[in-house]
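Residue numbers for the sequence shown follow our numbering, beginning at 3 and rising by one. See below for the structure under consideration.
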Amino acid sequence: MNYEEELKKLKEKLNTASTMKVKAEAALESIENNRKEYLEQVKNLGVDPKNLESEINSLKIEINSLLEEANSLLPKDI
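If you want it as structure tokens, here you go:
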């Protein structure tokens, strides 16, 4: 077994892993910043981010109700 060659391969793998780690950390930071921005936008819309799912469900129900109402107002023979 050639120890120098093995050490060289290990160093290359370590460098690759290190580069991947830096990229992953940068991506994570970007995602976290985006998340903070989105949560701030949600707050600015007057919605508590903790209640976001229930707010979405309420809006879906309201949309469906309005669509049904709009359809009921249209003539049936079109």
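For every residue, glycine included, the Cβ atom is placed at its ideal position computed from N, Cα and C.
Same chain, Cβ closer than 6 Å to residue i, five either side skipped, listed in chain order
i, result
"Leu41", "Pro51"
Reduced DSSP secondary structure (H/G/I, E/B, other) of residue i
i, result
"Asn4", "coil"
"Leu41", "helix"
"Leu76", "coil"
"Leu47", "coil"
Beta-carbon separation (whole angstroms), residue i vs residue j, contact threshold 8 Å
i, j, result
"Val49", "Glu55", "Val49 to Glu55, Cβ: 11 Å. No contact."
7 Å CB neighbourhood of residue i in its chain, flanking five on each side removed
i, result
"Asn53", "none"
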